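Numbering (the UniProt record's numbering), first residue to last: 1 to 486.
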């Protein structure tokens, strides 16, 4: 049974369809692995009775011949998606113990496909961070090296899949929070086009950037799950009203003739030699498969970090204002009058990083600074988006590093927020432009810590991006590597 934990979603789906394993057996296997690896601090809420009930229902569907390809496949959800049967806290004391009266659309869609929820996964508080050290419930450890961070904010999701505590985990990406942890933990992480996945039931951080996605072992697995997960949601005003599509349709397409743009700005100062070496080796592999490398330039994207932290902090300031101790969430016992209750509840409920971003956001939205900071940032954001569109006239995909370094040690950047923010150097431009992007494992750097290659596609071109990643994974085995002991 232990070998099952190393199977991909595609392989498990085939075994379930042939009735060589049951959904209940799979659920028990992963629940046992979760229990045996509590030291990683991946899961915040596990309820075996709920999971096994869902697994039994999936087995009944399979037995009746009414099951789709995802029926019985276990999944873990980032604790930024609200769920009826598990606590939804955004890894914050502000929402400790909160039970939502409804499921997020992403959760609902995957449950309707027969997937079985294993529990809720740790993350940076309100998805704010690059290391998973901002969780109110302690940091998640990187399975490749427990002294290292697993990346953030979806570090729990990346560690979960890397340690094979689940074959797939949901995640969210606002400025790189799927791609960076996927790179740090040696898994495949995919952020679709903004508006493809529903944001209904995602606890909001920055509404014009937040995008649901996945952590999986392979690009093929992500494509299979996206078929059930991505679609129009009338409850979400930012949801794209487009027909559903088959994201597996380009998996068999060879990359011969594919034009891959390589931005020269992504290989300058700040990029560690060990990361650059692995990324360039991956690009050579694409050349060997028949792809054409095209040098491109994205000069305005260098402004991505300041633009992102102005825009996202402004939106965070607005979104987090709802947590005031009145309607739901933490209410301070020290409160006297209404103003004191607001101050005490928010001071006690929020951690340092949400407070920092609320203050920045309030500042840039304030009278006298709105035009100088927020409006200017939005104008540069448009320039970045336009720059990507020009680049895609020269190439089909863009490739480069995900992060400047491999995973850093826990605590190494905790006292320097600016250094932490620079971890997002290569990921925030794609987020600001709303284009799909992903990280796939391409080897190991210093200390044996994983390195990822970032692929970026034009809007709505996920299938081609996933196909190119799949072809790379057919030719290499980095995605199949599992940390020692897992």
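Positions of the beta carbon are idealized from the N, C-alpha and C atoms, including for glycine.
Note that this is a predicted model, so its numbers are computed, not measured.
Helix, strand or coil, according to DSSP, for residue i in the structure here?
| i | result |
| --- | --- |
| residue 122 | coil |
| residue 74 | strand |
| residue 216 | strand |
| residue 441 | strand |
| residue 337 | coil |
| residue 201 | coil |
| residue 263 | strand |
| residue 227 | helix |
| residue 117 | strand |
| residue 285 | helix |
| residue 258 | coil |
| residue 399 | strand |
| residue 24 | helix |
| residue 1 | Unreliable positioning characterises residue 1 in this predicted model, as indicated by a pLDDT of 49, which lies under 50. A coordinate reading is not provided. |
| residue 417 | helix |
| residue 472 | helix |
| residue 62 | helix |
| residue 394 | coil |
| residue 11 | helix |
| residue 161 | helix |
| residue 154 | coil |
| residue 362 | helix |
| residue 485 | coil |
To the nearest angstrom, how far is it from the Cα of residue i to the Cα of residue j?
| i | j | result |
| --- | --- | --- |
| residue 406 | residue 260 | 23 Å |
| residue 372 | residue 404 | 30 Å |
| residue 384 | residue 364 | 20 Å |
| residue 255 | residue 194 | 25 Å |
| residue 413 | residue 419 | 6 Å |
| residue 415 | residue 485 | 32 Å |
| residue 204 | residue 288 | 43 Å |
| residue 410 | residue 65 | 48 Å |
| residue 164 | residue 5 | 6 Å |
| residue 274 | residue 449 | 10 Å |
| residue 54 | residue 417 | 41 Å |
| residue 481 | residue 368 | 53 Å |
| residue 27 | residue 37 | 16 Å |
| residue 399 | residue 453 | 7 Å |
| residue 1 | residue 25 | Note that residue 1 scores a pLDDT of 49, beneath 50, so its modelled location is shaky; the value from the coordinates is reported in the next line. Cα to Cα, the separation comes out at about 9 Å. |
| residue 35 | residue 73 | 19 Å |
| residue 479 | residue 278 | 14 Å |
| residue 57 | residue 267 | 50 Å |
| residue 307 | residue 380 | 7 Å |
| residue 458 | residue 435 | 6 Å |
| residue 146 | residue 447 | 12 Å |
| residue 18 | residue 47 | 28 Å |
| residue 235 | residue 241 | 11 Å |
| residue 310 | residue 366 | 12 Å |
| residue 77 | residue 343 | 31 Å |
My understanding is that residue i touches residue j, with C-beta atoms under 8 Å, so please give their C-beta distance in whole angstroms.
| i | j | result |
| --- | --- | --- |
| residue 138 | residue 162 | No, residue 138 and residue 162 are not in contact; Cβ-Cβ is about 18 Å, not under 8 Å. |
| residue 455 | residue 437 | 7 Å |
| residue 99 | residue 87 | 6 Å |
| residue 257 | residue 290 | 7 Å |
| residue 169 | residue 183 | Not quite, the Cβ-Cβ distance comes to about 15 Å (not below 8 Å), so this is no contact. |
| residue 172 | residue 233 | About 15 Å separates the two Cβ atoms, so there is no contact after all. |
| residue 31 | residue 51 | 6 Å |
| residue 13 | residue 59 | Residue 13 to residue 59, Cβ: 14 Å. No contact. |
| residue 386 | residue 305 | The Cβ separation is near 19 Å, so there is no contact. |
| residue 388 | residue 333 | With a Cβ gap of about 50 Å, residue 388 and residue 333 do not count as contacting. |
| residue 264 | residue 297 | 6 Å |
Check this for me: beta carbons of residue i and residue j, under 8 Å apart or not?
| i | j | result |
| --- | --- | --- |
| residue 181 | residue 189 | yes |
| residue 202 | residue 75 | no |
| residue 335 | residue 321 | no |
| residue 96 | residue 105 | no |
| residue 207 | residue 177 | no |
| residue 119 | residue 43 | yes |
| residue 351 | residue 314 | no |
| residue 149 | residue 132 | yes |
| residue 136 | residue 469 | no |
| residue 401 | residue 276 | yes |
| residue 262 | residue 292 | no |
| residue 140 | residue 61 | no |
| residue 301 | residue 192 | no |
| residue 134 | residue 159 | no |
| residue 199 | residue 174 | no |
Practice prompt. Say whether the region 461-469 touches the region 239-257, bearing in mind that this needs 3 or more beta-carbon pairs closer than 8 Å, one atom from each stretch.
Written response: yes
Discussion item. Assess contact between the region 210-225 and the region 248-255, defined as three or more Cβ pairs (one per stretch) separated by less than 8 Å. Is contact present?
Written reply: yes
Worksheet item: Is the region 443-458 touching the region 374-381, taking contact as three or more C-beta pairs under 8 Å?
Response: no
Discussion item. Would the region 65-77 count as touching the region 110-127 if we require 3 or more Cβ pairs under 8 Å?
Written reply: yes
Item to complete: Specify whether the region 352-359 and the region 277-291 touch according to this definition: at least 3 beta carbon pairs, one from each stretch, less than 8 Å apart.
Response: no
Practice prompt. May I ask you to verify whether the region 323-330 touches the region 385-399, counting CB pairs closer than 8 Å and requiring at least 3?
Written response: no
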